[in-house]
Amino acid sequence: MDHARHRDRSAIVTGAASGIGRATALRLTGEGARVVAIDIDKAGLEETVATIERGGGTITPVVYDLTEPGAPEAAVRAAAELGGIDILANVAGIMDFFLPVDEVDDETWDRVIAVNLTAIMTMCRKVIPVMRAAGHGSIVNVSSVAGIMGSGAGAAYHASKHGVIGLTRHVAFMYAPFGIRSNAVCPGGTATNIGTTAAPRVPWAYERFEKALTLAERTADPDEIASVISFLASDEAANVNGAVVTADAGWTVA
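For what it's worth, our numbering labels the leading residue of the sequence shown as 25, then goes sequentially.
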């Protein structure tokens, strides 16, 4: 780990209470960044904070539901106290119980789209003006292999993750003149607690998905994905903008 890679930089990380979000907060602070960590899970966020503080890192927790109107403002206020916003890592996400179109209920659809896509847009909408004023910034959004294929999850998850890629590319194109980069990471299977919203509810549909899931070579450790996020957020990736980086152990080329 390069302990100077993000020295004197401030970052916002969503979904920081567990999984890839926690790993990203740990990695960024370990590489010198000051991190604002946002999540709805207070207990999980407290564990992230304790781990980082034991290691001497700087982290500010913000307990908020990302779908609530005040979440982006709370994160930005906390980041301002740390010196600004150099990095935004939109990691938070939930699954959709592998529900196909003719089975998905409105509640699941609305919640998945709200967390996985709309929350990324609202965070970007609040953060981009700060980055524009500073003349620089890096946004890294976590999509999924489900954002580039059709067989990884249910209808809502696929729609949300395809949307993340479209939003990422739009931001990359529109704000490049202001020194802002925007890239997406597409993990494959990763050892996180997203499984709480992944329990399949429709047997026949999951049987279809299983055919694709068997092509996944391995399950990633969250830090393996966090390392990609850190790279894309760093100056080492200065010429990388609008990229969609798969980190799936070759699942999507099978």
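From the three backbone atoms N, C-alpha and C, an ideal C-beta is built for every residue, glycine too.
If you check the CB distance, I62 and P85 come in under 9 Å. By the neighbour-count definition (other C-beta atoms within 10 Å, threshold 16), E97 is an exposed residue. Taking 9 Å as the cut-off, the Cβ atoms of V115 and I44 count as close.
Annotated three-state conformation of R205 is strand, per DSSP.
For I109, the closest of A143, K150, E55, V195 by C-alpha to C-alpha distance is K150. With a threshold of 16 other beta carbon atoms within 10 Å, F197 falls short and is exposed. If one requires a minimum length of 3 residues, the beta strand (DSSP E) runs lying completely within the region 96-139 are 111-114, in chain order. Restricting attention to T82, P153, G187, the CA atom closest to the CA of V136 is found in G187.
The DSSP-derived three-state label of S167 is coil. Assignment of P93 by DSSP, reduced to helix, strand and coil, places it in the coil class.
For G159, same chain residues with a beta-carbon under 6 Å away, outside a window of 5 residues either side, are G203 in chain order.
In the DSSP assignment, no residue is bridged to S251. Membership of T192 in the alpha helix (DSSP H) is indicated by the continuous run 179-199. Inter-residue distance for E231 and P211 is about 22 Å (C-alpha atoms, whole angstroms). Distance between N217 and V139, taken at the CA atoms: about 15 Å. A check of alpha carbon separations from V226 across A236, D26, G178 identifies G178 as the nearest. Excluding the 5 residues flanking it on each side, V252 has same chain C-beta neighbours closer than 7 Å at V209, V269, A271, in chain order. It is roughly 10 Å from the alpha-carbon of G274 to the alpha-carbon of V169. Three or more Cβ pairs drawn from the region 99-107 and the region 54-74 lie within less than 8 Å of each other, which places the two stretches in contact. By the Cβ neighbour-count rule, M119 is buried, with 16 or more other Cβ atoms within 10 Å of its own.
With fewer than 16 other beta carbons inside 10 angstroms of its own, K235 counts as exposed. Residue state for I152 is assigned as helix, using DSSP reduced to three classes. Of the candidates L112, L50, H27, A250, L112 places its Cα closest to the Cα of P153. Residue pairing for R29: DSSP places it in no beta bridge.
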